[in-house]
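Everything below concerns the one structure shown next.
Residue numbers (full-length UniProt numbering): 1 to 346.
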């Protein structure tokens, strides 16, 4: 496990007044811990690059990294399934088990890495000066494009809104992130996953996510349509950097990091680095965000997107659909009559 934090003593300064005389009081507040795990599925190699991107950025001299190190302790488990990686399995461990369905299992001999993570997270949750705030499980997806998050569902509205806050900030900092593919659920077949198990195993306030990134690429606007930009190693590393930027935004939004402690220039340029790299590739923004921004602009300006041309196209589409349905109905009747005749002949 890799731990990254600042060596400086972390305290929160509060100022009080008594008869117009300022008094300085030093108080301690629990420091947040963010756990990041990767490669629980051996073949999902992009997750290692995303994890490496986060580590590289947090160890840099960036003002954002310095602020995060001061307020947050990061604990990385870069390879949760080393045996599976060594033998070349795609999804399972050396025993042929999918570890991301076995978090509820208690055997330390069959699942030593999972037992170790549960032990260290449980110990960290009992610390007086620190508290676990987030567990981020990094994966790669073979079916969907871009990056997205799987989260948990909560019956309490305010708790659910707080759970969805980090993915929203990530969508602003990572242009290839898709809120369209992001989902929150309580499926029974996901009970053995890290995000479902740890959400119940740890404090209810801990946000547990599965972050997926595509093996292939992500959609980018091209004229009136979209095209697919294929990921490379640098862009996976850049996604890790974007995650760190979004964490700063998230903790500022929740008032954990006082906005006054973050210079204005840092706040304004927090996500520009990631966006600039996307622009250099000709990918200024996500098509999913482009669509949502268009809808938002229409609401603000009160413009009506429907025109006579669009109505004509819609009318033609409806007429074409009705024609196809009528044709299918006639074919079904003809087929039925043929079967009836054949039955009579037999």
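Note that the Cβ used here is the ideal one computed from N, Cα and C, for glycine as well.
Requested in this report: Please name the residue, chosen from 240, 220 and 65, that lies closest to residue 355 on a Cα-to-Cα basis.
Outcome: Residue 355 is absent from the model: the chain starts at 1 and stops at 346.
Report task. Return yes when the Cβ of residue 72 is within less than 7 Å of the Cβ of residue 120, no when it is not. Result -> In the chain shown, residue 120 corresponds to position 120, counting from 1. In the chain shown, residue 72 corresponds to position 72, counting from 1. Cβ distance not < 7 Å, so residue 120 and residue 72 don't count as in contact.
Query raised in the report: Are there three or more Cβ pairs, one per stretch, closer than 8 Å when the segment 202–209 is compared with the segment 223–242?
Result: The way I'd put it, the segment 202–209 doesn't touch the segment 223–242; fewer than three beta-carbon pairs between them come closer than 8 Å.
Query - Burial state of residue 207 (16 or more Cβ within 10 Å) - result: Mapped onto the chain shown, residue 207 falls at position 207. Residue 207 is buried by the Cβ-count criterion.
Query raised in the report: Under 7 Å between the Cβ atoms of residue 64 and residue 147?
Result: As a first step, residue 64 is located in the chain shown; it is residue number 64 there, counting from the start. As a first step, residue 147 is located in the chain shown; it is residue number 147 there, counting from the start. No; because the gap between Cβ atoms is not below 7 Å, this pair is not in contact.
Report task. Decide if the segment 50–66 is in contact with the segment 102–115; the criterion is three or more beta carbon pairs, one per stretch, under 8 Å apart. Result -> no
Report task. Please state if the CB of residue 139 and the CB of residue 47 are separated by a distance shorter than 7 Å. Result -> Stepping through the chain shown from its first residue, residue 47 is reached at position 47. Stepping through the chain shown from its first residue, residue 139 is reached at position 139. Yes, these two residues count as a Cβ contact at 7 Å.
Query - Secondary structure, alpha helix (DSSP H): runs of 4+ residues fully inside the segment 67–120 - result: 82–87
Query - Under 7 Å between C-beta atoms of residue 131 and residue 30 - result: Here residue 131 corresponds to residue number 131 of the chain shown, with the count starting at 1. Here residue 30 corresponds to residue number 30 of the chain shown, with the count starting at 1. Yes, the pair counts as a contact, with Cβ atoms nearer than the cut-off.
Query raised in the report: If you run the structure through DSSP and keep just helix, strand and coil, what is residue 49?
Result: Reading the chain shown from its first residue, position 49 is the one you call residue 49. Residue 49 falls in the helix class under three-state DSSP.
Query raised in the report: How about residue 43 and residue 80: do their beta carbons lie closer than 7 Å?
Result: Here residue 43 refers to the residue found at position 43 when the chain shown is read from its first residue. Here residue 80 refers to the residue found at position 80 when the chain shown is read from its first residue. No. Outside cutoff.
Query raised in the report: Starting from residue 130 and walking both ways along the beta strand (DSSP E), at which residues does that stretch end?
Result: Locating residue 130 in the chain shown gives position 130, counting from the first residue. Residues 130–141.
Query raised in the report: Would a C-beta distance cut-off of 7 Å place residue 178 and residue 137 closer than the cut-off?
Result: Reading the chain shown from its first residue, position 178 is the one you call residue 178. Reading the chain shown from its first residue, position 137 is the one you call residue 137. No, they are not a contact pair.
Query - Option nearest residue 2 by Cα separation, candidates 97, 266, 134 and 75 - result: In the chain shown, counting from the first residue as 1, residue 2 sits at position 2. Ranking 97, 266, 134 and 75 by Cα distance to residue 2 puts 75 first.
Query raised in the report: Are residue 210 and residue 150 close, meaning C-beta to C-beta below 7 Å?
Result: On the chain shown, position 210 is the one that residue 210 refers to. On the chain shown, position 150 is the one that residue 150 refers to. Result yes, Cβ atoms of residue 210 and residue 150 sit closer than 7 Å.
Query raised in the report: With a CB to CB cut of under 8 Å and the five nearest residues on each side skipped, what residues in its chain are close to residue 152?
Result: Sequence index remark: in the chain shown, residue 152 carries index 152 (1-based). Excluding residues within five positions, the ones whose Cβ falls inside 8 Å are 163, 184, 185, 186, 195, 196, 199 and 208.
Query raised in the report: How close, in whole Å, do the beta carbons of residue 82 and residue 51 come, if the pair is a contact with beta carbons under 8 Å?
Result: Taking the chain shown and counting its residues from 1, the one referred to as residue 82 is at position 82. Taking the chain shown and counting its residues from 1, the one referred to as residue 51 is at position 51. About 14 Å separates the two Cβ atoms, so there is no contact after all.
Requested in this report: Would you tell me roughly how many angstroms separate the C-alpha atoms of residue 7 and residue 123, rounded to the nearest one?
Outcome: Looking up residue 7 in the chain shown gives position 7. Looking up residue 123 in the chain shown gives position 123. Taking the straight line joining both Cα atoms gives about 21 Å.
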